[in-house]
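In the working numbering, the protein residues as written are 1 to 116.
All C-beta atoms in this analysis are idealised placements derived from N, C-alpha and C, irrespective of residue type, glycine included.
Okay, structure first, notes after.
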Amino acid sequence: MEISAVPTEVCTLHPESTLGKIYLDWMPQPGNYIDLEGKTYVILERRHRYQFRRGKYNLFRVLVYVQPAPENLERSLVNGRWIIGDGSCRYNAGSEILRCAVNPNGPCQGCRFWEA
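Structure below.
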């Protein structure tokens, strides 16, 4: 499936409000990070809105629910995606949501379990 610029509405849950409407050339997934107006948000949920045209349903808009990302979040870019924590550590989960198995709350710096 080819993804062209999809209109995306960015909303917060608490308090429920719309932060803005943007066009993304990638499909946002829960756990991904998005920068909007100089602030970083983590995507919690994604919903699709379809429109019936010419006898079929077409993707009309994507709604993403976000919350502000922590300021001191350690992130590493591994294989083209952001993960939490030090990507070179043996115990890193390689996930956008979970840091690692032995020290999930972090931080990685100074962790006694860190191994390359």
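- The continuous beta strand (DSSP E) containing I34 extends over residues Y33 to L36.
- When C-alpha distances from R49 are compared across Y41, A93 and L63, the shortest belongs to L63.
- Residue nearest to P70 within the set R61, Y57, I84 and N103 is I84 (criterion: CA-CA distance).
- Your pair V6 and L44 does not check out as a contact, with CB atoms roughly 18 Å apart and the cut at 8 Å.
- With distances taken between CA atoms, Y91 lies nearest to A116 out of A116, Y57 and Y23.
- Contact between T40 and I22 is ruled out by a C-beta separation of about 14 Å, above the 8 Å threshold.
- Cβ-Cβ distances below 8 Å link L98 to I84 and P104 in the same chain, with the five nearest sequence neighbours on each side left out; the list follows chain order.
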